[in-house]
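Chains as they are written, first to last, in my numbering: chain A, 240 to 524; chain B, 5 to 297.
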């Protein structure tokens, strides 16, 4: 039972940022690979301030919201300024830069060791209670995203991704829509990171490295880029697969590389399968 | 200080080898290959395996590594680049991420996580103008210069090189003049794979091969390409040396009132170069806008 609860919690905490990221990468077709950079800023500005610097929860949360908004705005500004592939590479560079700072700024982040003793309060201490809270928050977040996706914002970002000039000629403002998409993605990262470190009582930088970013991109591509329903299904399927692999009777030194190869093959397969919806060929008018 | 310049020359030669081939690929196809670091390492690992495990002489092991590099890049082009690139220029960015994961897994399974050196043991060093350098490093630097000079000769003084430059400058115009651009794209990609394997062999001889360095190799190569101007071969090579020098200076000289920057920040130099150039000079130091009719 505990393992099923663990899978549900993990899937929900992956789904929250995945749905936000889907708005940028899936729906907006913006080559953004810096989502884990946003998560790093959100989580360290919250938990390092509370645990290492002794801030109160509300003041640290306010600082974390401010930091997340700033980094999301920075990414939005960069995406508007650069060519799509240039922004893709730059977003990776920004993520790795933030990671390098986290790994080297020992006094504030405790480096590669991470920050242990993350308090679970104000959330319930028992696993069932915590799972209920996580599921409720995920449900509310999913409904919110679904509402945005079906509404004016969803149509605007889809139009911009398909044909920016035509969309802008219809009065859709690219800078506003893209900024909103990055803020939604940032909010997803923040929300997930308010809950994830308290779940495992640890903030570890290894959870925010580039493979985590690839996993998010894989979820979005596998679920059909831009689709909320697809992202939800892909998250549960891929998390279940990832966790189920733990039971394969192989030594950890073999299981890790096998998992990498398997997920690489899955990513290649889903890109092949979804190549028309990931970056569709422009329709001629 | 001299030592920092020598270190930059050693590290820059490695980066120049990798970035040179890659800049041609970016110039012709306009695709980013994020599995480059793993391709570099595999060229080195195969040479290590032939030399250290099969005990073949170095003169046979090195061509073996280069042939493997050519085959791997050919396979990469046919499976991970060409089928997707035809649909959309950005798709290979994602498919090569998938390839990098698979190659990472294969490297860990076959060659394990511990460092591997093609020529293990201490290398004899000697002093030149207050700087220590090994004989092997001098050979590697000289060979890199010879290789790059040969590359320059082929590119600038042969009909084949002219065709490559034509495809890099304007693929459609080149095709209209009867140049088989698709065939040349394939050749350029394979050539970049061979240069990447050269880089892996260089790394394996000079230091160690370790799966953890793959991504930083990729990032450094792209930093050189972006700083030099996308598709500008000599700009990329020059910037590879410049970034290596900046990396050495960043941690090798005292900053901020005599304090040294932690060595952990060394790899952020290449990242900072990418960020600064993309923001302030997106066309790089030597890049120019393509004229359009």
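Glycine included, C-beta positions come from ideal geometry on N, C-alpha and C.
In this text, all values refer to a predicted model and were calculated from it rather than measured experimentally.
By DSSP, does residue 259 of chain B sit in helix, in strand, or in coil?
Correct three-state label for residue 259 of chain B: strand.
Residue 82 of chain B by DSSP, collapsed to three states: which one?
In this structure, residue 82 of chain B counts as helix in the three-state DSSP scheme.
Residue 271 of chain B, buried or exposed, once every other Cβ within 10 Å from all chains shown has been counted against 16:
buried
Got a sec: is the Cβ-Cβ distance from residue 343 of chain A to anything in chain B below 8 Å?
yes
State the DSSP-derived secondary structure class of residue 313 of chain A, mapped to helix, strand or coil.
helix
Between residue 279 of chain B and chain A, is the shortest Cβ-Cβ distance under 8 Å, so that the two count as touching?
yes
So is residue 254 of chain A buried or exposed if we call it buried at 16+ other beta carbons inside 10 Å?
Looking at its Cβ environment, which holds 16 or more other Cβ atoms inside 10 Å, residue 254 of chain A is buried.
Short check: CB of residue 156 of chain B to CB of residue 19 of chain B, under 8 Å?
no
Using a Cβ-Cβ cutoff of 7 Å, what residues of the region 252 to 270 of chain B are near chain A? List them in chain order.
266, 268 and 269
Which value, in whole angstroms, describes the spacing of the CA atoms of residue 460 of chain A and residue 513 of chain A?
7 Å
Between which two residues does the alpha helix (DSSP H) holding residue 143 of chain B run?
139 to 161
Alpha-carbon to alpha-carbon, residue 196 of chain B and residue 287 of chain B
22 Å
Interface residues of chain A around residue 98 of chain B at Cβ under 8 Å?
456, 460, 506, 510 and 517
Does chain B have any CB closer than 8 Å to the CB of residue 472 of chain A?
So, not an interface residue.
Counting only the same chain and skipping the five closest in sequence on each side, list residues whose C-beta sits under 8 Å from that of residue 467 of chain A.
258, 261, 381, 384, 385 and 388
Backbone CA spacing between residue 268 of chain B and residue 394 of chain A [nearest angstrom]:
45 Å
Should residue 296 of chain B go down as buried or exposed, given a rule of 16 or more other Cβ atoms within 10 Å for buried?
Note that residue 296 of chain B has pLDDT 45, beneath the 50 cutoff, so the model's placement of it is unreliable and the number below is only indicative. So residue 296 of chain B counts as exposed.
Alpha carbon to alpha carbon, what distance is there between residue 247 of chain B and residue 282 of chain B?
15 Å
Spatial neighbours of residue 517 of chain A in its chain, beta-carbon cut-off 7 Å, leaving aside the 5 residues before and after:
460, 464 and 510
What is the DSSP secondary structure of residue 482 of chain A, reduced to helix, strand or coil?
helix
Which residues, in order along the region 25 to 59 of chain B, keep a beta-carbon less than 7 Å from a beta-carbon of chain A?
Cβ contacts with chain A come from 36.
Any contact between the region 354 to 365 of chain A and the region 117 to 133 of chain B? By contact I mean 3 or more CB pairs, one from each, below 8 Å.
Touching, no.
Nearest-angstrom beta carbon gap, residue 373 of chain A and residue 434 of chain A [assumed within contact, 8 Å]:
6 Å
Examine the ligand ADP and report whether any of its heavy atoms sits within less than 7 Å of the Cβ of residue 325 of chain A.
No copy of the ligand ADP appears in this structure; indeed no ligand is present at all.
Give me the chain A residues within the contact set of residue 286 of chain B, using Cβ-Cβ distance strictly less than 8 Å, ordered along the chain.
321, 322 and 325
How far does the beta strand (DSSP E) with residue 131 of chain B in it extend, from its first residue to its last?
129 to 132
Hey, how far is the Cα of residue 24 of chain B from the Cα of residue 186 of chain B?
Approximately 20 Å, taken between the alpha carbons.
Take residue 17 of chain B and list the residues in its own chain whose beta-carbon comes closer than 6 Å to its own, dropping the five residues that flank it on each side.
145 and 148
According to a CB-to-CB cut-off of less than 7 Å, which residues of the region 371 to 392 of chain A neighbour chain B?
none
Residue 489 of chain A to residue 495 of chain A, Cα distance in whole Å?
9 Å
Contacts of residue 266 of chain A in chain C (Cβ-Cβ under 7 Å):
Included in the structure are the protein chains A and B, with no chain C among them.
With distances taken from CA atoms, which of B:289, B:266, B:9 and B:278 is nearest residue 136 of chain B?
B:9
How should residue 492 of chain A be labelled, buried or exposed, when 16 other C-beta atoms within 10 angstroms of its C-beta is the threshold for buried?
exposed
Could you spell out where the alpha helix (DSSP H) holding residue 193 of chain B opens and where it closes?
Residues 185 to 210.
Taking any Cβ of chain A, which residues in the region 74 to 86 of chain B have a Cβ under 9 Å from it, in chain order?
83 and 84
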